[in-house]
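A.B. asks: This is the structure I want to talk about, given as structure tokens.
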Amino acid sequence: MKVNMELLFEAMKYSLVESLKNNCPQHDGDLKRSIRAINNDEKLQIYALNYAWYVEKGTAPHWTSVENLKKWAKDKWGDEKLAYALQRHIALYGTRPHEFIRKTFKKDFKKILKDGLQTEGVITFE
């Protein structure tokens, strides 16, 4: 039995990206739109905006510019002035994790892999 890894990853990548996007928290959609997968030398590489890991894991308390938060506060609460309270909250407590990557792999990966392995040509018997 031989497994064509390149074909397997090609079969899996669309379902994996779709699942990541479905589990991704959404504000303005930039993070969700940035998720993509590329096959490279029998590797499946997943890409997203550089702050995806901070969304996934949350952050320790830190200072961030209020300008970065104004649009979010306006969209979420209807008042950009609330960005100042959010800035203080992040400085004191950090940000909560939203484990959309972990959720995807825990909840959906087995099905994605199973479907990929059932794709014609992925498994051959020689």
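Residue numbers (the numbering used here): -8 to 117. Where is the CB? At the ideal position from N, CA and C, for every residue including glycine.
1. Taking the beta strand (DSSP E) that Q36 belongs to, which residues open and close that run?
2. Apply the 10 Å Cβ neighbour rule to M(-8) and answer buried if 16 or more other Cβ atoms are within range, or exposed otherwise.
3. Taking only the alpha-carbon atoms, compute the straight-line gap between C15 and F91 and give it to the nearest angstrom.
4. Does DSSP put A28 in a helix, in a strand, or in coil?
5. Is it buried or exposed for G107, if we count other Cβ within 10 angstroms and need 16 for buried?
6. For Q78 and L60, which I take to be in contact (beta-carbon distance under 8 angstroms), what is that distance rounded to the nearest angstrom?
7. I'd like to know whether the C-beta atoms of L22 and T95 end up nearer to each other than 8 angstroms.
8. Would the C-beta of Y75 count as close to the ligand GDP, meaning under 7 angstroms from any of its heavy atoms?
C.D. replies: The structure says:
1. Here the question's residue 36 lines up with position 45 in the sequence shown. Taken as a continuous stretch (DSSP letters only), the beta strand (DSSP E) holding Q36 covers K34 to Y38.
2. Position 1 of the sequence shown, counted from the first residue, corresponds to residue -8. With fewer than 16 Cβ atoms within 10 Å of its Cβ, M(-8) is classed as exposed.
3. Counting from one through the sequence shown, the residue named residue 15 turns up at place 24. Counting from one through the sequence shown, the residue named residue 91 turns up at place 100. Whole-angstrom Cα-Cα distance: 5 angstroms.
4. Locating residue 28 in the sequence shown gives position 37, where the first residue counts as 1. If DSSP states are grouped into helix, strand and coil, A28 belongs with the strands.
5. Looking up residue 107 in the sequence shown gives position 116. Around the beta-carbon of G107, 16 or more other beta-carbon atoms lie within 10 Å, marking it buried.
6. One-based indexing of the sequence shown puts residue 78 at position 87. One-based indexing of the sequence shown puts residue 60 at position 69. About 6 angstroms; that satisfies the 8 angstroms criterion.
7. The residue labelled residue 22 in the question sits at position 31 within the sequence shown. The residue labelled residue 95 in the question sits at position 104 within the sequence shown. Contact: no.
8. Absence of the ligand GDP is noted for the structure shown, with no ligands found whatsoever.
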